[in-house]
Structure formats: structure tokens, C-alpha cells
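For reference, each letter of the sequence shown is one residue, going 1 to 162 in full-length UniProt numbering.
Idealized CB from N, CA, C, for every residue including glycine.
Working notes, beginning with the structure itself.
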Amino acid sequence: MSYSLLQKEAAASDFEGDFDTKTGTKESREDHKFDYLWDDELVGNNGVIRLSSEMERNSQHERGAIGMFHQIHCLTSLRKTLQRAREGQNIGLNHHDDAHWPHCLYYMRQAILCAADDTIELPHLRNKTHHYGSINGVSDIRQCRNAERLYDLRAKHGVWGH
Numbered sequence: 001m002s003y004s005l006l007q008k009e010a011a012a013s014d015f016e017g018d019f020d021t022k023t024g025t026k027e028s029r030e031d032h033k034f035d036y037l038w039d040d041e042l043v044g045n046n047g048v049i050r051l052s053s054e055m056e057r058n059s060q061h062e063r064g065a066i067g068m069f070h071q072i073h074c075l076t077s078l079r080k081t082l083q084r085a086r087e088g089q090n091i092g093l094n095h096h097d098d099a100h101w102p103h104c105l106y107y108m109r110q111a112i113l114c115a116a117d118d119t120i121e122l123p124h125l126r127n128k129t130h131h132y133g134s135i136n137g138v139s140d141i142r143q144c145r146n147a148e149r150l151y152d153l154r155a156k157h158g159v160w161g162h
């Protein structure tokens, strides 16, 4: 059984303002000069909150982690792993070598499948013709939930504060 903190509140949005299709967003580059944009989310306990009485499923659970923050933590961890690999470090092949990034890769796959985003992503038009090689999803309108409410919840009930 799971508990959702946000109801089906959604707003139409695209990612266009956040993405440069030629270079990628500055936040997505692996260059260390952009680490400051990600590092706050790398802390493992970042999204752990004290559960209110109506959220507690039984007496054993006084705390829980907000899924969005676990997912951002995993993306940040995968980014760090790519940095290490690019720098020539051995990141290992599986959970026997490193338990964290394989967990994050699997967890992110499951989170994406769970969200089942049904947005139809269309190719960009180039010279008023379809250019099928450039479907990147950034300009397609999708329904997004309000993440600010989760940041507020973390600020109010976070176990380790933020």
C-alpha cells in the first residue's frame, strides 16, 4: 500500500524553457562546474520526513522518504557515476562492484514505468518539414504535478532539515 502526498493536481507545461537542444541544459552536463546545481540533492536522507498520524500506516513507520527526492538523488548519483567513468575511474559492472548506481538505474526505470507518461512527443519541424531524428520531448505539452508542495513538505517535516 502506498500513500500519495499530491492528488491529481496538474498543470500543462513543457520543458522548452529549460533545455537547449544543441547543448543540453547546463544542469544535465557532466562538467564539474555545474555540480553546485546537483549537490544538494545527493544527500541520501534529503527527502526523509516525519509522517503525520494520518500518513502512518502502522506504528513501525514514523518516517518515510518522498519519492521525488529519492529519484532526484538517484539521478544525481548516476550523474556522478558518469563523471567518474569519464575521468577513467572504474565504476564497476553491477551491484557486486558498486551497490548504489545499479540500484539507482533500476529504481529510475521503475519510477518512469510507474509514472507512465503518456505524452505523445512530436518531431521538430525543420524548414516546415518533419525531421524525425530530433524527437527530444522538450517542447511537448504534458501534465505536471506541482513539485513545490513537496519542497514545502520537506521543509516543514524533514527529519534532517533543509
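Other residues of its chain near residue i: CB distance less than 8 Å, five sequence neighbours each side excluded
| i | result |
| --- | --- |
| Arg86 | Glu30 |
| Ser61 | For the sequence presented, residue 61 should be read as His rather than Ser. Excluding positions up to five away in sequence, the list reads Leu51. |
Contacts around residue i, its chain only, beta-carbon distance under 7 Å, and the 5 residues preceding and following it disregarded
| i | result |
| --- | --- |
| Ile91 | Thr81, Arg84, Ala85, Asp98 and Trp101 |
| Val159 | Asn45, Val48, Ile49, Arg50 and Arg63 |
| Glu121 | Ile135, Gly137 and Asp140 |
| Asp117 | Arg142 |
Bounding residues of the beta strand (DSSP E) (the contiguous stretch that carries residue i)
| i | result |
| --- | --- |
| Ala85 | That residue, Ala85, is in no beta strand (DSSP E); its alpha helix (DSSP H) goes Gly67 to Arg86. |
| Arg50 | Val48 to Arg50 |
| Gln89 | Gln89 -> no beta strand (DSSP E), and no H or E assigned at all. |
| Arg142 | Arg142 to Cys144 |
Whole-number beta carbon distance between residue j and residue i, since they are thought to touch under 8 Å
| i | j | result |
| --- | --- | --- |
| Ile49 | Arg154 | 6 Å |
| Leu150 | Ile66 | 6 Å |
| His103 | His96 | Not a contact, Cβ separation roughly 12 Å. |
| Leu78 | Leu105 | 7 Å |
Own chain, CB closer than 6 Å to residue i, minus 5 neighbours either side, in chain order
| i | result |
| --- | --- |
| Leu42 | Thr76 |
| Ala111 | Gln71 |
| His157 | Ile49 and Arg50 |
Exposure of residue i, with buried meaning 16 or more beta-carbon neighbours within 10 Å
| i | result |
| --- | --- |
| Met88 | Checking the displayed sequence, the identity of residue 88 turns out to be Gly instead of Met. Its Cβ having fewer than 16 others within 10 Å, Gly88 is exposed. |
| Cys114 | exposed |
| residue 168 | This structure leaves residue 168 out entirely; the chain is present only between 1 and 162. |
| His70 | buried |
Helix, strand or coil at residue i according to DSSP, with G and I counted as helix
| i | result |
| --- | --- |
| His96 | coil |
| Leu150 | helix |
| Asp35 | helix |
| His61 | coil |
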